[in-house]
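> Just passing along the structure, written as C-alpha cells.
There are 2 protein chains.
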Amino acid sequence: MDITQTAGAPAGDTALDCAEFSAVLERFVSAWRRFSVPGELSSTAAFTLGRLVRDGSSRLTELATLEHVSQPAMTQLVSRLEAQGLAERFSDPGDARVANVRVTTAGQALVERRRAARAARLTQLFSTLPPAQQAALAAALPALDALADASAR
Amino acid sequence: MDITQTAGAPAGDTALDCAEFSAVLERFVSAWRRFSVPGELSSTAAFTLGRLVRDGSSRLTELATLEHVSQPAMTQLVSRLEAQGLAERFSDPGDARVANVRVTTAGQALVERRRAARAARLTQLFSTLPPAQQAALAAALPALDALADASAR
DNA sequence: TATTGTTATACTCTATAACTATA
DNA sequence: TATAGTTATAGAGTATAACAATA
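Sequence order for the protein chains is D and C.
Just remember that this note's numbering sits 18 ahead of the position in the first sequence, which is counted from 1.
Just remember that this note's numbering sits 18 ahead of the position in the second sequence, which is counted from 1.
As C-alpha cells, this is what we get:
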C-alpha cells in the first residue's frame with residue numbers, strides 16, 4: 019500500500035465504526051435503488067449485465083448462483099436479455115450441455131451509459147463536500163475497493 | 019458555497035475518483051443484495067421498514083414517493099406489513115383522508131436484527147484489512163455519511 | 001374540484017417441479 | 001446415474017385505471 023501509516027485509529031473503535039459504516043451503506047443502497055431508471059432494466063438484469071461487463075463471460079448456472087436466483091429464473095433472464103440484444107448465449111467447446119453467456123456491444127454500451135450517469139451524479143455530490151472530506155474519501159478509496167472485493171466473496 | 023480551493027486534493031482527480039468510487043459502490047450494492055435473507059422480506063419491504071425506523075412515522079403517499087413505487091403498491095405493501103405485525107396505520111388528527119404509517123415493536127426488532135447481522139459481517143470483513151486501510155476508512159466515515167446524506171435527497 | 005387512499009385487473013419476475021439432452 | 005439447462009405452472013409484487021371518501 020502506498021498509503022502513509024496513520025497512527026490515529028485505536029482498535030477499540032472498530033465494532034462501533036462498522037455499525038455506523040453499515041448504516042451509511044444502507045442509505046447508499048437505498049439511494050442507489052431510487053436512482054436507477056424505472057422501465058429500462060430489472061434489478062437483477064442490471065446487475066447480471068454489469069457483472070458480465072466487469073468479469074467477462076460466464077456460464078448460466080454460475081450467473082444464477084452469483085445473483086442468488088434460481089436456474090430457471092436465469093434461463094428466462096438471459097432469454098430476455100438476448101431478445102433485447104443485450105447479451106447472447108454461446109456454446110462451450112468442451113461440454114455441449116453448457117450455455118455460456120456474454121454481453122453484446124449494445125449491452126456493454128448500455129452498462130457504460132448507466133455507469134457514466136451514476137458517476138456524473140456522484141461527482142456532483144462529491145463536489146459539495148468540503149475539501150478535507152474530499153481528501154479523506156480519496157484516501158479511503160483503496161480500502162473501500164478492498165472491502166468491496168472481500169464482500170463479493 | 020464553500021471554498022473550492024483545495025490544498026490537498028487536486029481538482030483533476032475528482033472525475034476519475036468518482037468513476038472508480040461509483041464502481042466500488044456498484045459492487046457493494048451487488049454484495050448487499052446477495053446478503054439479504056431470501057424468504058423474510060421483499061426488497062422494498064425491507065427498505066420501507068428501515069426508513070420508518072430511521073426517520074420515524076410517515077404518510078403512505080410519502081413512503082411511496084421515497085421508495086419509488088406507486089401509491090397502490092405502497093397500499094398493498096403496508097397492508098402486508100400490517101398483516102405480519104411489522105407496521106401499522108394510524109389516522110391523522112388533522113385530515114381524515116391521510117393514512118400515517120409507523121413501525122411496530124416487532125418491526126423495529128426485525129430491522130435491528132438485520133442491521134446487527136450486516137454490521138457483524140462488515141466487522142469481520144473490516145478486520146481483514148491492513149491497519150492503514152482500516153484507519154483510512156475510519157477517517158473517511160464522516161465524508162461517507164455526508165455523501166449518503168446528500169444522496170438521499 | 002383536488003387530494004388521499006383503495007380496489008380491480010393485467011403484467012413482470014421469480015420459485016418449484018417435471019422434463020430433455022449430454023456426460 | 002449425475003449434471004446443465006429448459007419448459008410448465010403457480011405465486012409474489014408491481015403498475016395503470018377506475019373508484020370512494022374527504023378536503
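Where is the CB? At the ideal position from N, CA and C, for every residue including glycine.
Closer than 9 Å, CB to CB, is residue 49 of chain C near chain D or not?
Yes - at least one Cβ of chain D is within 9 Å of the one on residue 49 of chain C.
> Assuming residue 130 of chain C is part of the alpha helix (DSSP H), what are its boundary residues?
Run containing residue 130 of chain C: 123-145, per the alpha helix (DSSP H) assignment.
> Taking all protein chains shown into account, decide if residue 165 of chain D is buried (16 or more other Cβ within 10 angstroms of its Cβ) or exposed.
Its Cβ being crowded by 16 or more others within 10 Å, residue 165 of chain D is buried.
> Using a Cβ-Cβ cut-off of 8 Å (strictly less than) and excluding sequence neighbours within five positions of residue 100 of chain C, which residues of its own chain qualify?
Same-chain partners within the cutoff: 106, 107.
> What does a CB cutoff of less than 8 Å around residue 74 of chain C pick up in its chain, not counting 5 residues either side in sequence?
Taken in chain order, the residues that qualify are 120.
> Go ahead and pull the three-state DSSP assignment for residue 85 of chain D.
Reduced to three states, the DSSP call for residue 85 of chain D is coil.
> Contact criterion: CB-CB distance below 9 Å. Does residue 60 of chain C meet it with respect to chain D?
False, the Cβ-Cβ gap to chain D never drops below 9 Å.
> Are the CB atoms of residue 110 of chain C and residue 77 of chain C nearer to each other than 9 Å?
Cβ distance < 9 Å, so residue 110 of chain C and residue 77 of chain C count as in contact.
> Rounded to the nearest angstrom, what separates residue 25 of chain C and residue 91 of chain C at their Cα positions?
Any reading at residue 25 of chain C must be qualified, since the residue scores a pLDDT of 44, below 50, and its modelled position is unreliable; no value is offered.
> Quick one, which residues of the region 108-127 of chain D are near chain C if we go by CB-CB under 7 Å, in chain order?
Listed by position along the chain: nothing, the set is empty.
> For residue 106 of chain C, which three-state DSSP category applies?
If DSSP states are grouped into helix, strand and coil, residue 106 of chain C belongs with the strands.
> Helix, strand or coil: which one does DSSP assign to residue 76 of chain C?
Strand at residue 76 of chain C.
> What is the rounded straight-line gap between the Cα of residue 151 of chain C and the Cα of residue 168 of chain C?
Rounded to the nearest angstrom, the two C-alpha atoms are 25 Å apart.
> Use the C-beta contact count for residue 40 of chain C: other C-beta atoms within 10 angstroms, 16 or more gives buried, fewer gives exposed.
When all chains shown are included, residue 40 of chain C counts as buried.
> Is the region 128-145 of chain D close to the region 126-145 of chain C, with three or more CB pairs under 8 Å?
No contact exists between the region 128-145 of chain D and the region 126-145 of chain C.
> Who are the neighbours of residue 160 of chain D on chain C, taking C-beta pairs under 8 Å?
By Cβ distance, chain C contributes 151, 154.
> Starting from residue 161 of chain C, follow the alpha helix (DSSP H) in both directions and report where the run begins and ends.
149-169 is the span of the alpha helix (DSSP H), which, as asked, contains residue 161 of chain C.
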